[in-house]
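To start, the structure itself, in structure tokens.
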Amino acid sequence: MSDLNISNFIWNIADDVLRDVYVRGKYRDVILPMTVIRRLDAVLEPTKEAVLSMKTQLDKAGVANQHAALCQASGEAFYNTSQFRLRDLTSRARRQQLKADFEAYLDGFSPNVQEVLDKFKFRNQIPTLVEADVLGFLLEKFLDPSVNLSPKPVLHQDGSVRLPGLDNHSMGTIFEELIRRFNEENNEEAGEHFTPRDVVELMAYLIFMPIADHIQSGTYLVYDGACGTGGMLTVAEETLIKLATDHGKEVSVHLYGQEVNPETFAISKADLILKGEGVEAENMKFGSTLSADAFPSREFDFMLSNPPYGKSWKTDLERMGGKKELRDPRFVIEHGGDPEFSLITRSSDGQMVFLANMLSKMKKASPLGSRIAEVHNGSSLFTGDAGSGESNVRRWIIENDWLEAIIALPLNIFYNTGIATYIWVLSNRKAENRKGKVQLIDATAWFKPLRKNLGKKNCELGVDDIKRICDAFLLQKEDETSKVFPNEAFGYWKITVERPLRLKAELTEGALRRFRKTCSEAGESDLVRAIEAVAEARGPGPHLDFNAFVAEVEDVASSLGLRMTAKRQKLLMSALGQKDAAAEPVIRKTSKPKAGSDATREALYGSYHTTVGGKASVVEYEPDTELRDTEQVPFLEDGGIEAFFRREVLPHAPDAWIDASKTVIGYEISFTRHFYKPQPLRTLDEIEADIRALEKETEGLLEDVLMGGH
């Protein structure tokens, strides 16, 4: 029976047994833990008597710490010391006896399995199953002789295989298919999905193949901060061991993972226990990677992950003190001269924060450093303005020269989402030929269609597709589907373009009336006398040189014994100033020119060399916030910011300048721009043919409509 058929069989158990007891979205609360329990039971069946015998001996001898001896007796990293196997319980007729015996059976499992059962909260379901009188029926279904959940084959009497054994890889596939179907029933978010094995295999090759020749005999640590059911870790382990063996090396691989979902955590831990890797299972930690990092001081050789995307991490952010108070060294670092460079992204999407967590765990002293493969959706490439957390993560990565490649995957390659997805490949030990460069690979057309959809997944990466992607990556091919860029190609300056505030002063009776009222409300009625004196001397206006107007007001105020405070100057501007494109720019500051200064260049940044009152001066103007604009200037712009500004801005706004204090560095990666393929325009003949065909289709339609009304 294939993996898919077994998952269908288990799914049908849910429908047969639980239909009138649970709503469909709650089947998982029973079916997932029962699948694990039956798998554990099947593995332990051959050594059941040996475990019970050992337990008796140890109890008689008064041995307190029995775990190692019982594991040795079972031949596994776990055991069950109850008197029962699952098949022993199917004969229990009375409900309460079955309940007691089943609970005793569960209590007999070793402590590492108890944690798995606790995370499933399976014991909470037993009363419901007993009351509905379906527990015995459920056990019978899982013990169906036509299905083998054991890793060992079921044989005919002649020794031939009746049912093949189910290895752990296949068991993982069954779990993922079940979880996918349960997620569909619960309408889970698109970002909460499981990574198909074909994508995981590709990720493993991408991090291991470039350094396959450099793998030495020894110990390697592999980490996944969003490990789900642990599929990425186990595939990575298998791939690394095979590569090392092929190169005549012997390696020991230790797996580390963290998962926030209790069910998937339980499955990942159960998977490792079933493989006999009891010690490794202890490295699977439950909890949030972001707010409760289980490995704060650990560094890893290889890291793979598929973090949730499009999913809020607001709760984690609040637990860490909020955006203003967060001081976690994984997310607030020193970079680019900024001692508090923030990698904190929007709380609505935490995928880039997971990447920052991985990067904080890179090995810094080892010859191979660390290699990372992580899946993201498209927003990680470009979301976030310059200076935002998302842009800062990209900047930090690229300016440290850690990004090797990004591969665009086919659409509909995942189970629960059809959106565009990408694999980021990173390393802090780039090969010489990759230094200072980033490779983009468009693999969206490299796939094989599935005969039957698995959720939204309608295609897969075949062996040839994976090889094609790996070859393009390893050989750094440059063609229509693979391009290599200098790091600087993704950086830009976001410049702020200012234009001067141009004000006129109106001193009409209506304007003066409004000014008197404003001054009265501000407690500055004395200022009215100065304005009235200027109005009498200069007339109602409009006065298009606000600078000259203010100077005259100051002279009159001085003669009246009034000091022109900053508050009074603001009142003039806000209460009497009116914007007018024909007015003179309002001067904010006047200073003396410095010797040897470049007047032409300084004008680009808002310092204009001119003559004021017959003296050589440098003036700076008040900016008009309503005319403020921003521009993105690529790092690779010929001539940089100034050349761009002269070419793109000054011809359209000759009075504009750059506010250098507001210039911010940003990074974004646009697959669309680099791989855009323009569609050829249709010919006039084709368009005409379509129009004539439409005419033919609608011929007589108007007449039918009109006649139908009579």
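Numbering (my numbering), first residue to last: -14 to 695.
No residue lacks a Cβ here, since even glycine has one placed at the ideal position from N, Cα and C.
Treat the numbers as computed from the prediction; the structure is a model and nothing was measured.
Expected contact under 8 Å - CB spacing of T429 and A393 to nearest Å: Position 444 of the sequence shown, counting from 1, holds the residue named residue 429. Position 408 of the sequence shown, counting from 1, holds the residue named residue 393. Contact holds; Cβ gap of about 5 Å.
So with Cβ pairs under 8 Å, would you call N168 a contact of chain D? Absent from the structure: chain D. Only one protein chain is present.
On the DSSP letters alone, give me the boundaries of the beta strand (DSSP E) that I654 sits inside. The residue labelled residue 654 in the question sits at position 669 within the sequence shown. It is not in any beta strand (DSSP E) - I654 carries neither H nor E in the DSSP assignment.
Output the distance between the C-alpha atoms of W387 and V264, rounded to the nearest integer angstrom. What you label residue 387 is simply residue 402 of the sequence shown in a count that begins at 1. What you label residue 264 is simply residue 279 of the sequence shown in a count that begins at 1. Using only the alpha carbons, I get a separation of about 32 Å.
Quick check: the segment 56 to 66 against the segment 95 to 104, are there 3 or more CB pairs under 8 Å? yes
If we count Cβ pairs, one from each stretch, closer than 8 Å, do we get three or more for the segment 455 to 469 versus the segment 571 to 589? no
DSSP three-state label for S76, please. As a first step, residue 76 is located in the sequence shown; it is residue number 91 there, counting from the start. The answer is coil: DSSP assigns S76 none of H, G, I, E or B.
Please go through the same chain and pick out, in chain order, the residues whose beta-carbon is closer than 7 Å to the beta-carbon of Y652, but skip the five residues on each side of it. One-based indexing of the sequence shown puts residue 652 at position 667. Here the set comprises S376, R379, R380, I383, F475 and G476.
In chain order, what residues of the same chain lie with their CB nearer than 7 Å to the CB of A175, ignoring the 5 residues before and after it? As a working note, residue 175 is residue 190 in the sequence shown. At A175, the pLDDT of 39 sits below 50, so the modelled position is not reliable and the matter cannot be decided from this model.
I need the straight-line Cα distance from A255 to G216, nearest angstrom please. Here residue 255 is taken as the residue at index 270 of the sequence shown, counted from 1. Here residue 216 is taken as the residue at index 231 of the sequence shown, counted from 1. Distance between the alpha carbons of A255 and G216: 12 Å.
CA-CA distance, I626 and A279? Position 641 of the sequence shown holds residue 626. Position 294 of the sequence shown holds residue 279. Each residue's Cα considered, the two are about 45 Å apart.
In terms of alpha-carbon separation, which member of L635, Q68, E116 and T610 lies closest to K33? Working through the sequence shown from its first residue, we reach residue 33 at position 48. Of the candidates L635, Q68, E116 and T610, the one whose C-alpha sits nearest the C-alpha of K33 is Q68.
Since K234 sits in a beta bridge, which residues does DSSP pair it with? Within the sequence shown, the letter at position 249 stands for residue 234. Looking at the DSSP assignment, K234 forms no beta bridge with any residue, so it has no partner.
Please name the residue in F316, L666 and D334 whose C-alpha comes closest to that of F326. For the purposes of this step, residue 326 is taken as residue 341 along the sequence shown, with counting starting at 1. With distances taken between Cα atoms, F326 lies closest to F316.
Thinking C-alpha only, which one of P471, A416, I676 and T249 is nearest E100? Locating residue 100 in the sequence shown gives position 115, where the first residue counts as 1. Per the Cα distances, T249.
Between L302 and the rest of its own chain, which residues show a CB-CB distance below 6 Å, the 5 nearest in sequence each way excluded? As a first step, residue 302 must be located in the sequence shown, where it is residue number 317. Same-chain partners within the cutoff: S332.
Just to confirm my understanding: we take D313, look at its own chain, exclude 5 residues before and 5 after, and list those with CB closer than 7 Å. What are they? Taking the sequence shown and counting its residues from 1, one reaches residue 313 at position 328. M305, listed in sequence order.
Check each candidate in L163, T575 and N385 and name the one with the smallest Cα separation from V597. Your numbering for residue 597 matches position 612 in the sequence shown. Comparing Cα-Cα distances from V597 to each of L163, T575 and N385, the minimum goes to T575.
With a CB to CB cut of under 6 Å and the five nearest residues on each side skipped, what residues in its chain are close to L191? As a working note, residue 191 is residue 206 in the sequence shown. Cβ within range, chain order: A358 and V410.
Of the choices L547, T224, I252 and E235, whose alpha-carbon is the least far from that of F287? To locate residue 287, count along the sequence shown from 1; it is residue 302. Cα-wise, what sits closest to F287 is T224.
Pick from R356, V360 and E483 that is closest to M194, judged by C-alpha positions: Within the sequence shown, the letter at position 209 stands for residue 194. Nearest of R356, V360 and E483 to M194, Cα basis: R356.
Out of F127, T615 and L545, state which residue places its alpha-carbon closest to the alpha-carbon of W(-4). Here residue -4 refers to the residue found at position 11 of the sequence shown. For the residues F127, T615 and L545, the minimum Cα distance to W(-4) belongs to F127.
Just curious, the beta strand (DSSP E) that R208 is in, first and last residue? Here residue 208 is taken as the residue at index 223 of the sequence shown, counted from 1. The question names Arg, but residue 208 in the sequence shown is Tyr. That run of the beta strand (DSSP E) goes G203 to D209.
Between which two residues does the alpha helix (DSSP H) holding A619 run? As a first step, residue 619 must be located in the sequence shown, where it is residue number 634. The question names Ala, but residue 619 in the sequence shown is Pro. Element bounds for P619: not the alpha helix (DSSP H) but the beta strand (DSSP E), D614 to P619.
Taking 7 Å as the limit between beta carbons, can you name the residues of its chain near I676, skipping five residues before and five after? Looking up residue 676 in the sequence shown gives position 691. Nothing listed; no residue qualifies.
Just how far apart, CA to CA, sit K104 and P247? The residue given as residue 104 occupies position 119 in the sequence shown. The residue given as residue 247 occupies position 262 in the sequence shown. Between K104 and P247, the C-alpha separation is close to 5 Å.
Three-state secondary structure assigned by DSSP to E359: Numbered from 1 along the sequence shown, position 374 holds the residue referred to as residue 359. E359 falls in the strand class under three-state DSSP.
Three-state secondary structure (DSSP) at V410? For the purposes of this step, residue 410 is identified with residue 425 of the sequence shown, where counting begins at 1. Here V410 sits in strand by DSSP.
For A645, which residues in the same chain have their Cβ closer than 7 Å to its Cβ, ignoring the five residues on either side in sequence? Taking the first residue of the sequence shown as 1, we reach residue 645 at position 660. Cβ neighbours of A645 beyond the five flanking positions: Y590.
What residue ranges within the segment 11 to 72 form continuous beta strand (DSSP E) runs of no fewer than 3 residues, ordered along the chain? none
Out of F620, V482 and R573, point me to the one whose CA is closest to A641's CA. Along the sequence shown, one-based indexing puts residue 641 at 656. Taking only the C-alpha atoms, the option nearest A641 is V482.
Please go through the same chain and pick out, in chain order, the residues whose beta-carbon is closer than 7 Å to the beta-carbon of K308, but skip the five residues on each side of it. Locating residue 308 in the sequence shown gives position 323, counting from the first residue. Contacts found: L302 and I329.
Buried or exposed: I672, going by 16 or more other Cβ atoms within 10 Å of its Cβ? As a first step, residue 672 must be located in the sequence shown, where it is residue number 687. Per the 10 Å Cβ criterion, exposed.
In terms of residues, what are the limits of the alpha helix (DSSP H) holding Q554? The residue you call residue 554 lines up with position 569 of the sequence shown. A551 to L561 is the span of the alpha helix (DSSP H), which, as asked, contains Q554.
Whose C-alpha, out of I22, G233, E445 and P281, is nearest the C-alpha of K106? Residue 106 sits at position 121 when you count from the first residue of the sequence shown. Comparing Cα positions, the closest option is I22.
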